[in-house]
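The number in the numbering used here is simply the position in the sequence shown, starting from 1, with 1341 added. Ideal placement from N, C-alpha and C gives every residue a C-beta, glycine not left out.
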Amino acid sequence: MIIAIDGPSGAGKSSVSREVANRLGWSLLDTGAIYRCVALIALEKHVDNDPNACAEIAKSLDIRFVASKAGQKVFIGDRDVTKDIRTFETTQCVNHVSPMPEVRAQLLDIQRRLGHATDSIVEGRDIGSVVFPDAELKVFYTASPQARAMRRMKEFQAKGEHFDFEEVVKQIKLRDETEFNREHSPLVKCEDAIVLDTSDLDFEESCQALIRLIQNRQKELA
Ligand code: DC
């Protein structure tokens, strides 16, 4: 089974997908991590503004996801890039590498191969619309900018950092604008996707809501 989870940044879909995949004993395919790997290598080779060079990197990307006690690790060849793909620089870079149509086209096969290897929850931005249009279940995971900002603030506070709430809301809205309106593979809610709005749900409730949707679909298909 393929469960396609799409939704904007910061809605918490990654952490919920990861937890639910763990509980069900399924694989989680974090497609954002694949884009981040391409961005990391492009950045290191100083070719991140060259779509053809980035597409070449995507084409030959030897990526592996490895389960570990500390969570899922990401390898390019033998190199553990789990931390490197989450740095500020890589995050900035992936925002202009991921919209490149040349890169997106090259990454289709790898996403499909990894997703079909086993029962998978696949999360990203265009999973239900482009990568797995025949997924058994499509969920569009969302939360209001205010709810997402509140979660961010709590993370910041836990680290002892302080940020202005209105500023965080503004940044989230800006990022949504870019993701929903970009020319290639914009974030869209497919007609056959179920919307899961987690604005008023805590983490456990969000996990339970996703598990219920999956179990209902499994019953329908049985
Ligand atoms: O989910 P994330 O923040 O790790 O995603 C990293 C970047 O990749 C972000 O710019 C969105 C983009 N992305 C995408 O365009 N398509 C996907 N299927 C997954 C991520």
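Close-in-space but distant-in-sequence residues of the same chain around residue i (CB under 6 Å, 5 per side omitted)
i, result
"residue 1382", "1398"
"residue 1391", "none"
"residue 1350", "1516"
CB-CB length for residue i against residue j, believed under 8 Å
i, j, result
"residue 1463", "residue 1379", "Wrong, their Cβ atoms sit about 17 Å apart, outside the cutoff."
"residue 1506", "residue 1490", "6 Å"
"residue 1370", "residue 1461", "5 Å"
"residue 1443", "residue 1393", "6 Å"
"residue 1445", "residue 1525", "6 Å"
"residue 1377", "residue 1435", "5 Å"
Rounded separation between residue i and residue j - CA only
i, j, result
"residue 1514", "residue 1528", "14 Å"
"residue 1595", "residue 1504", "Examination of residue 1595 is not possible in this model, given that the chain is present from 1342 through 1563 alone."
"residue 1468", "residue 1485", "21 Å"
"residue 1516", "residue 1364", "31 Å"
"residue 1342", "residue 1372", "17 Å"
"residue 1385", "residue 1563", "48 Å"
"residue 1454", "residue 1412", "22 Å"
"residue 1466", "residue 1501", "31 Å"
"residue 1557", "residue 1452", "26 Å"
"residue 1456", "residue 1555", "16 Å"
"residue 1367", "residue 1475", "18 Å"
"residue 1518", "residue 1511", "11 Å"
"residue 1422", "residue 1387", "18 Å"
"residue 1407", "residue 1425", "16 Å"
Same chain, Cβ closer than 8 Å to residue i, five either side skipped, listed in chain order
i, result
"residue 1539", "1352, 1353, 1357, 1482, 1483, 1484, 1488, 1546, 1547, 1550"
"residue 1520", "1349, 1350, 1466, 1527, 1528"
7 Å CB neighbourhood of residue i in its chain, flanking five on each side removed
i, result
"residue 1447", "1396, 1399, 1400"
Is it the case that the segment 1523-1540 contacts the segment 1474-1482, given that we only count it when at least three CB pairs across the two stretches are under 8 Å?
yes
Length-filtered (3 minimum) beta strand (DSSP E) runs lying within the segment 1372-1410
1404-1409
Quick test of the definition: if touching needs 3 or more C-beta pairs under 8 Å, does the segment 1356-1374 touch the segment 1483-1497?
no
Closer than 8 Å is the cut-off here; do at least three beta carbon pairs connect the segment 1415-1428 with the segment 1390-1405?
Output reads yes: the segment 1390-1405 touches the segment 1415-1428.
In the segment 1440-1465, which residue ranges form an unbroken alpha helix (DSSP H) of at least 4 residues, counting only runs that do not cross its ends?
List check, alpha helix (DSSP H) in window: 1442-1457.
Entirely within the segment 1495-1555 and at least 4 residues each: give me those alpha helix (DSSP H) ranges in chain order.
Segments of the alpha helix (DSSP H) lying fully in the segment 1495-1555: 1506-1522.
Tell me the start and end of each unbroken alpha helix (DSSP H) in the segment 1414-1438 that is at least 4 residues and wholly inside, in chain order.
1429-1438
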